[in-house]
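What follows is a set of notes on a single structure, which appears directly below.
In this note's numbering, the protein residues as written are 242 to 475.
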């Protein structure tokens with residue numbers, strides 16, 4: 242197999258973005274994670290890419306795979322062609338080669354949207370947890386499956402044009418806390434956070450976010466619902 246990988250170290254003044262080519266023999270069950278480790282071991286020890294869990298849970302290995310955002314650890318090379326092009330996710334700060342800083346972006350988004358439970362009750366660690374209907378808990382859990390890999394942001398036309406756009410990942414978080422009965426915020430409060438073009442009204446409904454989500458979240462359904470609620474509130 243032939244791998245063409247975009248390489249660049251922004252901290253090195255002598256480094257310039259370029260495509261590096263590597264040849265590798267495919268093995269049964271090979272994922273891009275396995276291939277990249279083999280390339281680093283055999284050809285390019287300085288190759289930078291991220292991984293933690295290798296099971297599609299941490300979201301660290303997000304990258305452009307033949308131009309489409311995806312997770313390296315969950316992508317089998319047998320599903321790709323004989324020539325594979327890899328590049329870092331756009332919209333995020335480049336650390337080096339295929340490694341980007343999604344954490345800085347996600348933290349800024351979370352702080353801006355205040356993605357934590359807002360309640361008036363005094364916290365008592367000894368008190369039993371409030372009861373919740375299993376069906377509601379399941380709805381909240383479904384939205385909580387987001388792993389913040391950044392694929393939806395990288396696939397979003399609005400996010401690539403407007404750096405302040407909170408993206409599908411941010412709107413999904415608002416949808417999650419809106420469901421949570423422990424959160425005392427109203428739709429008017431959420432409107433102050435996402436009721437503009439950098440929030441829910443900036444979405445162009447291109448469906449790119451949902452198309453590439455590795456957890457198959459119903460992102461467009463959540464965005465459409467929030468948009469209706471924010472219109473009613475505004």
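All C-beta atoms, glycine included, are put in the ideal place defined by N, C-alpha and C.
Practice task
For residue 200, I'd like the list of residues in its chain whose CB is within less than 7 Å of its CB, leaving aside the five on either flank, ordered along the chain.
Solution key: Absent from the structure is residue 200, since the part of the chain shown begins at 242 and ends at 475.
Practice task
Would you mind stating whether residue 333 and residue 326 have Cβ atoms separated by less than 8 Å?
Solution key: Here residue 333 refers to the residue found at position 92 when the chain shown is read from its first residue. Here residue 326 refers to the residue found at position 85 when the chain shown is read from its first residue. No. Outside cutoff.
Problem - Buried versus exposed, by CB contacts within 10 Å (16 or more), residue 471 - result: Start at 1 with the first residue of the chain shown, and residue 471 comes out as number 230. Flag for residue 471 reads buried.
Problem - Boundaries (first-last residue) of the alpha helix (DSSP H) holding residue 288 - result: Reading the chain shown from its first residue, position 47 is the one you call residue 288. Looking at the DSSP string, residue 288 is not in any alpha helix (DSSP H), and its letter there is neither H nor E.
Problem - Which listed residue (245, 387, 360 and 303) has its alpha carbon closest to that of residue 341 - result: Your numbering for residue 341 matches position 100 in the chain shown. Considering only alpha carbons, the answer is 303.
Handout entry: Inter-residue spacing [alpha-carbon to alpha-carbon] between residue 278 and residue 291
Key = Numbered from its first residue, the chain shown carries residue 278 at position 37. Numbered from its first residue, the chain shown carries residue 291 at position 50. If I take the Cα positions, the gap works out to 11 Å.
Exercise for the section: Evaluate residue 346 with the Cβ neighbour count: other Cβ atoms within 10 Å of its Cβ, from every protein chain shown; 16 or more gives buried, anything less gives exposed. Expected result: In the chain shown, the residue the question calls residue 346 occupies position 105. With 16 or more Cβ atoms within 10 Å of its Cβ, residue 346 is classed as buried.
Exercise for the section: Just tell me which of 434, 298 and 282 has its CA closest to the CA of residue 263. Expected result: Taking the first residue of the chain shown as 1, we reach residue 263 at position 22. Nearest of 434, 298 and 282 to residue 263, Cα basis: 282.
Handout entry: Range of the contiguous beta strand (DSSP E) that encloses residue 304
Key = For the purposes of this step, residue 304 is identified with residue 63 of the chain shown, where counting begins at 1. Element bounds for residue 304: 303-306.
Exercise for the section: For residue 362, count neighbouring Cβ atoms within 10 angstroms of its own Cβ and tell me buried if that reaches 16, exposed if not. Expected result: Against the chain shown, residue 362 aligns to sequence position 121. Result: exposed.
Handout entry: For residue 342, the three-state DSSP class (helix, strand or coil)
Key = Taking the first residue of the chain shown as position 1, residue 342 is located at position 101. Looking at residue 342 - three-state DSSP - the assignment turns out to be strand.
Handout entry: Per-residue burial, residue 421 [other beta carbons within 10 Å of its own, 16 or more giving buried]
Key = Mapped onto the chain shown, residue 421 falls at position 180. The residue in question, residue 421, is buried, as its Cβ has 16 or more Cβ neighbours within 10 Å.
Practice task
Measure the alpha-carbon distance for residue 380 versus residue 469 and round it to whole angstroms.
Solution key: Within the chain shown, numbered from 1, the residue matching residue 380 stands at position 139. Within the chain shown, numbered from 1, the residue matching residue 469 stands at position 228. Approximately 19 Å between the Cα atoms of the pair.
Handout entry: Rounded Cβ spacing between residue 331 and residue 395 (contact assumed at less than 8 Å)
Key = For the purposes of this step, residue 331 is taken as the residue at position 90 of the chain shown. For the purposes of this step, residue 395 is taken as the residue at position 154 of the chain shown. With 8 Å as the limit, residue 331 and residue 395 qualify as a contact, their Cβ atoms being about 5 Å apart.
Problem - Of the residues 245, 413 and 438, the one placed nearest residue 483, counting alpha carbons only - result: The chain is shown from 242 up to 475; residue 483 falls before or after that span and cannot be answered.
Exercise for the section: In angstroms with no decimal places, state the Cα-to-Cα distance between residue 297 and residue 311. Expected result: Numbered from 1 along the chain shown, position 56 holds the residue referred to as residue 297. Numbered from 1 along the chain shown, position 70 holds the residue referred to as residue 311. Using only the alpha carbons, I get a separation of about 10 Å.
Practice task
Below 6 Å CB to CB, which residues in the same chain sit around residue 474 once its five sequence neighbours on both sides are set aside?
Solution key: Here residue 474 corresponds to residue number 233 of the chain shown, with the count starting at 1. Excluding sequence neighbours, residue 474 sits near 428, 429 and 432.
Handout entry: residue 257 CB to nearest heavy atom of the ligand COA below 7 Å
Key = With respect to the ligand COA, the structure shown offers nothing to examine, as it has no ligands at all.
Practice task
Helix, strand or coil for residue 548, going by three-state DSSP, please let me know.
Solution key: The chain is shown from 242 up to 475; residue 548 falls before or after that span and cannot be answered.
Exercise for the section: For residue 300, collect the residues of the same chain with a Cβ closer than 6 Å to its Cβ; drop the 5 residues on either side in sequence, then sort them by chain order. Expected result: Counting from 1 along the chain shown, the entry for residue 300 is found at position 59. Answer for residue 300: 388, 389 and 390, listed in chain order.
Practice task
Just tell me which of 425, 354, 457 and 248 has its CA closest to the CA of residue 336.
Solution key: Residue mapping note: residue 336 aligns to position 95 of the chain shown, counting from 1. The residue with the shortest Cα to Cα distance from residue 336 is 248.
Handout entry: Beta-bridge pairing of residue 263 - partner residues as DSSP gives them
Key = Translated into the one-based positions of the chain shown, residue 263 becomes position 22. DSSP output for residue 263 lists 244 as bridge partner(s).
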